[in-house]
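Chemist: Going by this note's numbering, the final residue of the sequence shown carries number 368, and the count climbs one at a time with no gaps.
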Amino acid sequence: MSDAPSDSQPAAAKPLHPALDTRVCELLGVRYPIVQTGMGWVSGARLTAATSAAGGFGILAAVTMTMDQMRDAIQAVKEHTPNPFGVNFRPDQPDLDERLAHVTKEGVKLVSFAGAPSKDTIAKLHDAGILAMPTVGARRHAEKMLGFGVDLVIAQGGEGGGHTGTVPTSLLLPQVVDAVGEHIPVLGAGGFHSGAGLVAARAWGADGIAMGTRFLLTAESRVPDEVKARYLEASVTDTVVTTALDGAPQRVIRTPMVDGLEKATPVTKLPKALRNALDFRKVTGTSLKDLVTEGLAMRKSQDLTWSQLAMAANAPMWVKAALVDGRPDAGVLPTGQDVGVITELPTVAELVDRIIAEAEATLARLGA
Ligand SMILES: Cc1cc2nc3c(=O)[nH]c(=O)nc-3n(C[C@H](O)[C@H](O)[C@H](O)COP(=O)(O)O)c2cc1C
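1. Relative to ligand 1, is the shortest distance from any of its heavy atoms to the C-beta of N314 smaller than 7 Å?
2. Given a cut-off of 8 Å, decide if T347 and A210 are closer than it, judged by their beta-carbon atoms.
3. Comparing the CB of P346 with every heavy atom of ligand 1, is any distance shorter than 7 Å?
4. Using only CA atoms, which one of T81, L152, V199 and F57 lies nearest to V176?
5. State yes or no: is the C-beta of A114 within less than 8 Å of the C-beta of T135?
6. Let me make sure I understand the geometry here. Which of M65, A357 and D338 has the alpha-carbon closest to that of P168?
7. Look at the alpha carbon of Q9 and the alpha carbon of A50, and state the distance between them as a whole number of angstroms.
8. Using a Cβ-Cβ cut-off of 7 Å (strictly less than) and excluding sequence neighbours within five positions of A73, which residues of its own chain qualify?
9. May I ask you to check if the CB of G211 is nearer than 7 Å to at least one heavy atom of ligand 1?
10. Give me the residue from E358, G336, L172 and T121 with the minimum Cα distance to R139.
11. Is K109 closer than 8 Å to L28 when the C-beta atoms are compared?
12. Around the Cβ of S235, are there at least 16 other Cβ atoms within 10 angstroms (buried) or fewer (exposed)?
13. Secondary structure at F57, three-state DSSP: helix, strand or coil?
14. Compute the minimum distance between the beta carbon of D68 and the heavy atoms of ligand 1, and state whether it is under 7 Å.
15. Does the separation of the CB atoms of G190 and Q156 fall below 8 Å?
16. Considering Cα atoms alone, identify which of V111, E79 and A206 is closest to P33.
17. Of all the options G331, Q36, V63 and R31, which has the alpha carbon lying nearest to the alpha carbon of V372?
18. L351: beta carbon under 7 Å from a heavy atom of ligand 1?
19. Can you tell me where the beta strand (DSSP E) holding R251 begins and where it ends?
20. Would you tell me roughly how many angstroms separate the C-alpha atoms of D325 and P334, rounded to the nearest one?
21. Could you check which residue in V227, K144, I154 and D92 has the C-alpha nearest to that of G38?
22. Using a Cβ-Cβ cut-off of 6 Å (strictly less than) and excluding sequence neighbours within five positions of G181, which residues of its own chain qualify?
23. Suppose you measure from the CA of D225 to the CA of G212; what does that come to, to the nearest Å?
24. Got a sec? Which residues, its chain only, sit under 8 Å from P256 by beta carbon, not counting five neighbours each side?
25. May I ask which residues mark the beginning and end of the alpha helix (DSSP H) holding V227?
26. Heavy atom of ligand 1 less than 7 Å from the Cβ of T335, yes or no?
27. To the nearest angstrom, report how far apart R90 and G147 are at their CA atoms.
28. Who are the near neighbours of R254 in its chain, counting only those whose CB is closer than 7 Å to its CB and skipping five residues on each side?
29. With a floor of 3 residues, list each beta strand (DSSP E) that falls wholly inside the region 70–94, ordered by position along the chain.
30. Report the residue from K263, P82, V42 and V150 whose alpha carbon sits nearest the alpha carbon of E111.
31. Hey, quick one: how far does the beta strand (DSSP E) through G208 stretch, first residue to last?
32. What did DSSP end up calling I356 once you bin it into helix, strand or coil?
33. Pick out whichever of T243, P15, L345 and Q93 has its Cα sitting closest to the Cα of G162.
34. Let me confirm a value: L131 is counted as buried when at least 16 other C-beta atoms fall within 10 Å, else exposed. Which label applies?
35. When you compare only the Cα positions, how much space is there between M1 and A322?
36. Name the two residues that bound the continuous alpha helix (DSSP H) containing A62.
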């Protein structure tokens, strides 16, 4: 499937319920408080442009792009929509400065991070007029990020996709709102897929929702159709949080491959891990020297053992095998638990319009 943006447009604008017109809409310059998160190998130009064109806020996943691919993707989004969008990085990627210089030149509205960016990185973003948004999985992470000066946070509960903590969204979100919501907007993530969920997030004090899996399963996401079909078959109990990929907990669809990795010994894991590290270096354009420097920095900053460090590139390469090369049996399928309640592949505009219409109907029902 081409990753060029498609032409689907949102329905005509109607007045929005005041409960849905939040701080996040103003801060991000969007109509709806709905963010499509950065998802490695998934949120390319087509998905991001479609989300921003539909009135939400799309985020390009640049962690798994070379510099050239990132440049082309930013260009493609801008050609498709004048609306704001963001780019997702890893806080410890070795070429971060060069990449930040490019997003600054391109006037990108926001940079998001899966982990915690440094104070220095946040200051650089602010000097360039760019918003900084980390994902947090605990109240104390949110407090620390507020202290570093971030502009908003995603609070991602344990039902979410990708790397995830253990606290469920229903408990984490009100905690994070309580800790930092007075100062900065909070987006709820992990399990959101509907208008009722958006209203629930607002009830917990959040300013909007950020969704990964729900956007992965749309017409515009670049995942091959046969792999999307595999996601649609999964039930809410078909996912598992495993540390067997790269040492950090990650939610994936349970497959024979994942079961095998969970049983593997360090001796069988290590050669695979080293091969994946070298492959990841090639696809992201990282030099061998940078790979080693980055590895040593990660070992120090994240307190990793040597074997965890060796595993670090596993997750992206196995995800690529499934989501880009279309080989789910040879790779892994990261997902939120809400994959089990998602049954179809709407266009992004249909999805965003539907969530807003459902949220309006829910608010009307509660008001009545
Ligand atoms: C396939 C996939 C890839 C992901 N890759 C990234 C990534 O590169 N960077 C990041 O910050 N988060 C990543 N995530 C996490 C999402 O951005 C988001 O926080 C999460 O999916 C929210 O939970 P939900 O899937 O229940 O909506 C990924 C999630 C999925 C499902």
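C-beta: ideal position from N, C-alpha, C; glycine also.
Predicted, not measured: the structure shown is a model, and the values here were computed from it.
Modeler: A quick look at the data gives this:
1. For ligand 1, not one heavy atom lies less than 7 Å from the Cβ of N314.
2. Not a contact, by the Cβ cut-off of 8 Å.
3. Answer for P346: no, Cβ out of range of ligand 1.
4. Selected option, being the one with the closest Cα: L152.
5. It is a contact, given that the beta carbons lie within the stated cut-off.
6. Nearest C-alpha to P168: D338.
7. Residue confidence for Q9 is low, a pLDDT of 49 falling below 50, so the modelled location carries little weight; the figure read from the coordinates is stated next. If you take the alpha carbons of Q9 and A50, they lie about 8 Å apart.
8. G44, A45, L60 and M65, listed in sequence order.
9. This sequence places Met at residue 211; Gly is not what is there. At least one heavy atom of ligand 1 is nearer than 7 Å to the Cβ of M211, so yes.
10. Minimum Cα distance to R139 is reached at L172.
11. Taking 8 Å as the Cβ cut-off, L28 and K109 qualify as a contacting pair.
12. Exposed is the call here.
13. Taken through DSSP and simplified to helix, strand or coil, F57 comes out as strand.
14. Because no heavy atom of ligand 1 lies under 7 Å away, the Cβ of D68 does not count as near it: no.
15. Closer than 8 Å, so yes.
16. For P33, the closest C-alpha among the options V111, E79 and A206 is that of A206.
17. The chain is shown from 1 up to 368; residue 372 falls before or after that span and cannot be answered.
18. It does not: the Cβ of L351 is nowhere closer than 7 Å to a heavy atom of ligand 1.
19. Residues Q250 to I253.
20. Taking the straight line from one Cα to the other gives about 15 Å.
21. The candidate whose alpha carbon is nearest that of G38 is I154.
22. Take G181, set aside five residues on each side of it, and the residues of its chain with a beta-carbon closer than 6 Å to its own are G205, in chain order.
23. Going by the C-alpha atoms only, they are around 17 Å apart.
24. When the five nearest sequence neighbours on each side are left out, the beta carbons in the same chain lying within less than 8 Å of the beta carbon of P256 are those of D329, in order along the chain.
25. From DSSP, the alpha helix (DSSP H) with V227 extends over D225 to E233.
26. Within the cutoff, so yes.
27. Cα atoms of R90 and G147: separation of roughly 20 Å, rounded to the nearest angstrom.
28. Same-chain partners within the cutoff: D238, T239 and V240.
29. Considered as a whole, the region 70–94 harbours 85–89 as its complete beta strand (DSSP E) runs of no fewer than 3 residues, in chain order.
30. The sequence given here has Val at residue 111, not Glu. Here the closest residue by C-alpha is V150.
31. Per DSSP, G208 is one residue of the beta strand (DSSP E) stretching across G208 to M211.
32. Here I356 sits in helix by DSSP.
33. Out of T243, P15, L345 and Q93, T243 has the C-alpha closest to the C-alpha of G162.
34. With at least 16 other beta carbons inside 10 angstroms of its own, L131 counts as buried.
35. Low per-residue confidence applies at M1: pLDDT is 39, beneath 50, and the placement is therefore not dependable, though the value from the model is reported in the following sentence. If I take the Cα positions, the gap works out to 15 Å.
36. Counted as a single uninterrupted DSSP element, the stretch harbouring A62 is not any alpha helix (DSSP H), since DSSP gives it neither H nor E.
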